[in-house]
Every structure is written in C-alpha cells, then in structure tokens.
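Protein chains in written order, with the numbering used here: chain L, 325 to 522; chain G, 325 to 522.
The next block holds one structure in the form of structure tokens; read it before the comments.
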DNA sequence: TATATCATACCGACCGGTCGGTATGATTGT
DNA sequence: ACAATCATACCGACCGGTCGGTATGATATA
C-alpha cells in the first residue's frame with residue numbers, strides 16, 4: 325500500500341476511535357492512551373497526526389458542523405414556503421437527536437469550555453452564529469413574502485435557536501423516550517400560531 | 325468560640341471558596357487543593373466535611389436550586405393571570421443570567437456528566453422535571469381559566485423549558501451584551517400570540 | 001479523658017505530551 | 001536497474017506534574 329494511503333487510514337481510525345470514545349465516555353474522561361489503544365495505534369502515531377488532544381476534537385467538530393451546514397442549505401433550497409421551512413427545521417432536530425445523539429453530550433462539555441477558551445469558542449460557538457444568521461434571513465424572507473408578522477428577524481432567530489438548543493438539551497437529559505421530533509414540531513407550531521386563546 | 329460554630333464556619337468558607345472557583349474556572353479545572361487554599365483551610369478539613377469532591381458540588385447545587393424553587397413559588401402565588409405569570413418567567417431568566425450568571429457554566433458541565441452519572445443526574449436534572457411539572461400546572465390553569473388554548477400541558481411545558489434553557493445557553497455563549505431578559509420576554513410573547521401573520 | 005475538628009505528610013494512579021530510535025516507502029544520482 | 005539518500009510514518013518507554021483521596025497525629029472543646 326502507498327505510504328500516504330496508510331497514513332490517512334491511520335488518521336481516520338484514530339478519529340473514528342476518538343469519536344466513539346468521546347461519545348460514550350466524554351472528552352475529559354477519555355485519555356489519549358485510550359484512543360490509541362482503541363485505534364490499535366501507538367501514542368507516537370497520535371501525536372504525529374494531531375498536535376494536541378484538543379485538536380482532534382476540533383477536527384471532529386468541524387466535520388460534524390459541516391454535515392449540519394449541508395443539511396441546512398438543503399432545506400433552504402428546497403423551501404418555497406417559509407412556514408413550511410421552519411417546520412421542517414423540527415425534523416432536523418429529530419434527526420440530529422436520532423443520528424448524532426450519542427455524540428451530542430460532547431457539545432455540552434465543550435460549550436462550557438468555550439466560555440473560557442477562545443479556540444474552543446471559535447470552533448464550537450461561532451458556527452452557531454452562522455446558523456442564527458441563516459434563520460434570521462429565513463424569517464426576513466417570511467416577512468417579505470407576508471407569511472410572517474413584521475418582527476425583528478435577529479431576535480426571532482435567537483428564539484428559534486433557543487428552541488432548538490433547549491430541545492436538544494432536554495432530549496439528552498430526558499431519557500423517557502419521548503418523541504422530541506414531534507414535540508419540536510409542535511413547539512414550532514405554537515410559535516407560529518401562538519398558544520393564547522383567540 | 326464554640327466548637328460547632330467554628331466547624332460550620334469552616335464548612336461555609338469551603339463552600340464559598342468552591343462556589344467561586346467553580347464559577348470562574350469550572351469544576352474539573354478546580355482541584356480540591358485549590359479550594360482548600362482559597363478557603364484558608366487544610367485538606368484534612370475538607371475531607372472531614374465532605375466525602376468527595378463531587379459531594380461538595382452537589383451540596384452547592386442543592387442550595388442553588390432551592391433558591392430557584394422559592395423564586396418560582398413566589399411568582400406562582402403572586403400571579404392571578406396566567407399569561408402575566410408566564411411573561412414574568414422571562415424576568416426570572418434575566419435575573420438568573422445577571423445574578424447567577426458566573427456559576428451557570430457549571431450547569432453545562434454537569435448536565436453532560438448527568439448523562440452518565442446517576443448521582444449527578446438525580447441532583448441536577450431531576451429538579452428540572454419538577455419545574456416542568458410546575459409549568460405544566462400553570463398551563464393547565466391557563467386552559468381552565470380560558471386564557472390559553474387547549475394544548476397538551478406537558479408538551480407546552482417542555483417548550484417553555486426549552487426556551488429557558490436555550491436562552492440561558494445562548495446568553496452564556498453570546499458575549500455581545502444583548503439584553504436576554506428582553507429577548508426572552510419577546511420570545512414568550514411570540515409563543516403566546518404566534519409569529520405568523522393573521 | 002474522650003471526641004470532634006482540623007493540619008501535615010504522603011500515596012498511587014494517571015495524565016498529556018516528549019523523545020530517541022526504527023521501518024519503510026519515495027527520490028535522486030549513476 | 002541499483003544503490004545511496006532522504007522523508008514520512010510510526011513505535012513505546014518515559015517524564016514532570018497533578019490529581020483525588022488517606023493515614024496519622026496535633027489541638028482544643030466538652
């Protein structure tokens with residue numbers, strides 16, 4: 325096998341092992357040695373491919389957010405009606421909880437780190453501000469086309485993000501087996517039409 | 325001074341030092357020795373009053389949630405109109421962010437721990453289910469008195485909690501100096517009356 | 001004196017990261 | 001084609017340091 329292929333294979337197996345261990349044990353609880361053992365690779369190999377323990381997480385995070393990005397753009401393009409687009413955001417939440425569920429707890433771990441570490445902040449929080457802008461644009465579109473009331477788009481976006489984050493956190497901590505996709509969809513309907521009596 | 329007084333004073337100073345250090349550094353980053361130094365107390369004293377490092381956090385958490393409890397009950401009692409009661413919840417969020425802001429990041433840290441550690445879960449997550457029940461009851465009251473539409477109270481409560489949690493998280497990570505109390509209030513108004521055009 | 005309250009000294013495990021060395025493919029000169 | 005040279009990929013022992021926790025003795029109160 326070519327040297328380069330072998331290298332990428334090694335790096336990939338390290339990433340895969342790290343992703344799995346981070347997911348089931350958390351970041352702090354996972355040592356570099358454990359990752360190496362799980363990947364069937366030496367510590368030297370690890371530090372050949374990654375500068376620090378943190379850098380491997382950041383790379384993992386980047387890949388992950390990239391996938392989320394693509395999903396959002398996909399929805400954006402396939403959406404003509406803004407209201408429908410917002411509702412389909414609920415499906416994303418459900419999907420995220422189903423598919424990426426196991427690795428979501430790491431987000432909590434790193435959000436708390438992001439508060440103090442600028443590097444972590446940049447990699448984990450800053451992207452979410454992009455999402456906020458995305459939603460703000462979507463809301464603006466809704467206002468323009470007349471399907472939404474004339475509200476401050478940015479604050480409305482914040483509310484949407486809050487819903488998403490709040491649902492994710494609850495979904496992580498509530499093990500009761502609720503269908504959070506449904507609940508999120510309901511929440512978005514509440515938000516659209518209000519919960520007050522007419 | 326009496327022996328008991330001296331003891332409680334020591335314990336209290338340990339708790340105070342721990343609370344401060346946890347807030348500014350996080351839980352993991354704070355060692356027991358650091359707490360002892362900050363409290364002007366020896367390690368022996370620490371482990372005389374607390375079984376483990378985790379136990380001191382759990383005690384801190386209990387005190388903290390107790391305060392939140394009282395605040396909620398206070399609002400509940402002083403509220404006749406449910407809609408107003410919900411809106412005043414927004415003020416709590418703002419207060420929580422202002423007053424307890426520094427120590428909120430620890431919540432993130434422990435929420436992620438709660439996923440794996442049953443003890444932590446019981447102390448940090450279970451209380452929030454009480455709050456959910458509280459909001460569910462409030463919603464039910466609103467339905468009964470006719471000010472709210474006839475919606476599943478529990479899911480509506482989940483939505484409210486999601487909003488609160490999501491706002492708190494964003495407030496922690498967004499350092500732009502936004503007035504999250506205002507935004508939360510706005511969010512609750514959105515939720516009450518809907519954001520869709522009439 | 002007996003007991004609660006602390007101080008000191010210390011333990012063993014483990015952690016992220018380093019480093020000297022090697023094995024093996026790639027490159028170049030002949 | 002073949003050897004000499006170099007670069008990349010990897011190994012695993014090891015390091016300084018930190019951590020949570022403990023064992024034991026001193027001190028003071030009751």
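The beta-carbon is built from N, C-alpha and C at its ideal position, and this holds for glycine as well.
| Taking Cβ-Cβ distances shorter than 7 Å, what residues in chain G pair up with residue 491 of chain L? | 486
| task | Taking C-beta pairs closer than 8 Å, name the residues in chain L that residue 415 of chain G reaches, listed in chain order. | result | In chain order: nothing, as chain L lies at least about 16 Å away.
| Does DSSP put residue 475 of chain G in a helix, in a strand, or in coil? | coil
| query | Quick one: what's got a C-beta closer than 8 Å to residue 475 of chain G's C-beta in the same chain, skipping five residues either side? | reply | 463 and 467
| query | Residues in its own chain within less than 8 Å of residue 338 of chain L by CB, not counting five upstream and five downstream? | reply | 359, 360, 363, 365, 369, 370, 373, 374 and 380
| message | To be precise: take each residue of the region 424 to 438 of chain L, compare its Cβ to all Cβ atoms of chain G, and keep it if any distance is under 7 Å. Which residues remain? | response | 429, 432, 433, 435, 436 and 438
| query | What residues of chain G sit near residue 496 of chain L, judged by a beta carbon separation below 7 Å? | reply | 439
| Contacts of residue 449 of chain G in chain L (Cβ-Cβ under 7 Å) | 497
| said: If the cut-off is 7 Å on Cβ atoms, which residues from the region 503 to 515 of chain G count as contacting chain L, listed in chain order? | reply: 507, 510, 511, 514 and 515
| Does residue 418 of chain G come within less than 8 Å of chain L when only Cβ atoms are used? | no
| Rounded distance between the beta-carbons of residue 416 of chain G and residue 347 of chain G, thought under 8 Å | About 19 Å; that fails the 8 Å criterion.
| In chain G, what lies closer than 7 Å to residue 482 of chain L by C-beta? | 494 and 507
| With distances taken from CA atoms, which of G/355, G/496, G/487 and G/502 is nearest residue 456 of chain G? | G/487
| Start and end of the alpha helix (DSSP H) containing residue 450 of chain L? | 450 to 468
| said: Taking only three categories from DSSP, how would you classify residue 393 of chain L? | reply: helix
| query | Quick one: Cα of residue 473 of chain G to Cα of residue 509 of chain G, how far? | reply | 20 Å
| query | Which two residues bound the contiguous alpha helix (DSSP H) that contains residue 426 of chain G? | reply | Per DSSP, residue 426 of chain G belongs to no alpha helix (DSSP H) and is neither H nor E.
| query | So with Cβ pairs under 8 Å, would you call residue 352 of chain G a contact of chain L? | reply | yes
| field | Proximity below 8 Å, CB of residue 435 of chain G to CB of residue 497 of chain L | value | yes
| message | So, with DSSP's three-state summary, where would you put residue 367 of chain L? | response | helix
| said: Using only CA atoms, which one of L/383, L/432, L/404 and L/351 lies nearest to residue 335 of chain L? | reply: L/383
| task | Thinking residue 490 of chain G and residue 356 of chain L are a contact (beta carbons under 8 Å), I'd like their distance in whole angstroms, please. | result | No, residue 490 of chain G and residue 356 of chain L are not in contact; Cβ-Cβ is about 33 Å, not under 8 Å.
| Span of the alpha helix (DSSP H), counted from its first residue to its last, around residue 337 of chain L | 327 to 349
| Going by the CB atoms, is the gap between residue 407 of chain G and residue 516 of chain G shorter than 8 Å? | yes
| request: Please confirm whether residue 494 of chain L and residue 482 of chain G have their CB atoms less than 8 Å apart. | output: yes
| Measuring CA to CA, which of L/367, L/390, L/342 and L/414 is closest to residue 514 of chain L? | L/414
| Among residues of its own chain, excluding the 5 on either side of residue 459 of chain G, which ones have a beta-carbon nearer than 6 Å to its beta-carbon? | 481 and 484
| said: Here's a check: name, in chain order, each residue in its chain whose Cβ is nearer than 7 Å to the Cβ of residue 428 of chain L, leaving out the five neighbours to either side. | reply: 492 and 496
| query | Alpha carbon to alpha carbon, how far is residue 433 of chain G from residue 328 of chain L? | reply | 39 Å
| task | Leaving out five residues on either side along the sequence, give the residues of the same chain with a beta carbon under 6 Å from the beta carbon of residue 449 of chain G. | result | 438
| task | Could you tell me the boundaries of the alpha helix (DSSP H) in which residue 514 of chain G lies? | result | 504 to 517
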